[in-house]
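Under my numbering, think of the first position of the sequence shown as 901, with each following residue one higher.
For every residue, glycine included, the Cβ atom is placed at its ideal position computed from N, Cα and C.
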Amino acid sequence: MAATAKIISIGNSAGIILPKETLARLNVQKGDTLYLNETPAGFQISPYDGEFGAKMEVAESVIRRYRDAFKKLAE
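Next up, the structure:
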């Protein structure tokens with residue numbers, strides 16, 4: 901799906917107007933946060949923070965690895 905977005909002035913900043921169909925496909929609405937991730941192919945807009953997801957994967961692996969130690973500390 902190809903869509904266009906218009907850049908507008910908002911005070912001293914700029915904003916992008918996204919079509920309703922794009923908002924629906926992203927499952928977002930006014931006021932939600934979107935994340936811009938730079939990829940080799942350009943920029944990707946997503947309602948999910950890719951960096952947070954990568955950090956959570958690392959955290960989950962640490963938790964699995966030291967599960968017994970965490971249980972002892974929680975006592």
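{"Asked": "Reduced DSSP secondary structure (H/G/I, E/B, other) of Lys-930", "Found": "coil"}
{"Asked": "CB of Phe-943 within 8 Å of CB of Leu-934, strictly", "Found": "no"}
{"Asked": "Rounded C-alpha distance that separates Ser-913 from Lys-955", "Found": "30 Å"}
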